[in-house]
Structures are given as C-alpha cells and as structure tokens.
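Chemist: Sharing a structure here in structure tokens format.
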Amino acid sequence: KTPERSFIMVKPDGVQRGLVGEIVKRFEQRGYTLRAMKMMHASKPHLEEHYKDLSSKGFFKDLVAYMNSGPVVAMVWEGKDAVKTGRKMLGETNPLASAPGTIRGDFCIEVGRNICHGSDSVESANREISLWFKPEEIIAWDPCIKDWIQE
Ligand code: DAT
Ligand code: MG
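Here's what the structure looks like:
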C-alpha cells in the first residue's frame, strides 16, 4: 500500500506574509515527507478547475480572484493519514473557528484570507495532485530518518 498523499498549498496571502517556511516546517516536523513543491502564479482557468466543486457558490469569483492575485506554493506531502491529519493541522475553513495551534488558528482571521489549502479526501487529493503536478515532478526519495517516524 502506497502511503497517503495530500495536496497542500500556501495561498497568495501566505506567500506574501512570509509564511511558506512556517507551513513547510510544521509538515516536516510532524513527520510527513515532501514529495513535490513548486511556486506558481496559477491562471484563473486553472484555479476554476481546482475549485470546480464550488463554482455555484456566491464567493466563487472572489475566491478565484484572490487565488490568482499572486503566486502560490503547491506541495505534495506524504505519510500516514496525510489527508485527514493535514486538514487538522490547517484548522477549520473559517479561521475564527480554528483552534490555536492550527495553521489558520495561529495566523489568520478571515475565511477569504485563510493562507493555506489542504485536500479534503483521498480522492480530491489525487485529483488535485494530478491537476498541479506532472508525474515526473513527484520525487521518489526515502528520508534517512523514516524508521524513526514510522514503525
Ligand atoms: P477549505 O479550504 O477549508 O477546504 P472549502 O473547500 O469549502 O474550504 O472552500 C475553499 C475556499 O473557499 C476556502 O478556503 C475559503 C473560501 N470559502 C469557503 N467558504 C466560504 C464562504 N462562506 N465565504 C467566503 N469564502 C469562502
Ligand atoms: Mg476544500
């Protein structure tokens, strides 16, 4: 069984605010493995595809404009329960409902400026990873500390 992967992205406000390292650090420290990472100024059509499940929402246009307002940092993180635990590490969609200790709970206050994205299921993780990364951009490597993190 291949370990679970999640698509995690630092949004334009997270990049502008210098929070890329902080967000990467939390996933590294937790024991997840970085398999892919790139900075990208995503186009509106690309973002509309990423968020297509929300296309009927009133906030969709603003969401796409915000996500297109500057570069993002897209990542693939791998490890046990990466999707569900990644979401817990991010916090709630509304930062004000996010517990302190979570990324959103520690760094933001607005749903429309919530600094990071994380896949909400294994199926959406797979869809998002293939939307943002070519197969050859996903790097196979073994962290030398892996036996100290997973049994
Ligand atoms: P999440 O990012 O926690 O997975 P989502 O997939 O439901 O949340 O929505 C994607 C993004 O859309 C979310 O990060 C911020 C924005 N958004 C969601 N609900 C919103 C709302 N009620 N008003 C404004 N923006 C919203
Ligand atoms: Mg979502």
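4 is the number of the first residue of the sequence shown in the numbering used here; add one for each residue after it.
A virtual CB, placed ideally from N, CA and C, is assigned to each residue, including glycine.
Only a predicted model underlies this, so the values are computations on that prediction, with no experimental measurement involved.
1. Specify, as a first and last residue, the run of the beta strand (DSSP E) that R8 falls within.
2. Applying the criterion that 16 or more other CB atoms from any shown protein chain within 10 Å of the CB defines a buried residue, is S122 buried or exposed?
3. To which residues of the same chain is Y54 closer than 8 angstroms at the C-beta, ignoring the five residues directly before and after it?
4. Which partner residues of T5 appear in the DSSP bridge assignment?
5. Rounded to a whole number of angstroms, what is the C-alpha to C-alpha distance between N129 and E52?
6. Between D109 and the ligand MG, is there a pair consisting of the residue's CB and a ligand heavy atom that are separated by less than 6 angstroms?
7. Would you grab the beta carbon distance between G89 and I11 for me? Rounded to a whole angstrom, and I think it's under 8 angstroms.
8. Using the rule of at least 16 other Cβ atoms within 10 Å of the residue's Cβ for burial, across every protein chain shown, is M78 buried or exposed?
9. With the cut-off set at 7 angstroms, would you say V86 and S9 are in Cβ contact?
10. Roughly how many angstroms separate the alpha carbons of I118 and G17, rounded to a whole number?
11. Exposed or buried, K14, counting other C-beta atoms within 10 Å across all chains shown (16 or more means buried)?
12. If we call anything under 7 angstroms between Cβ atoms a contact, is E113 one with A39?
Modeler: Checking against the coordinates, here is how it stands:
1. R8 to V13
2. buried
3. Excluding residues within five positions, the ones whose Cβ falls inside 8 angstroms are F63, L66, V67 and M70.
4. Per DSSP, none; premise fails for T5.
5. 14 angstroms
6. In terms of side-chain proximity, the C-beta atom of D109 is found no nearer than 6 angstroms to any non-hydrogen atom of the ligand MG.
7. 6 angstroms
8. buried
9. yes
10. 4 angstroms
11. Buried.
12. no
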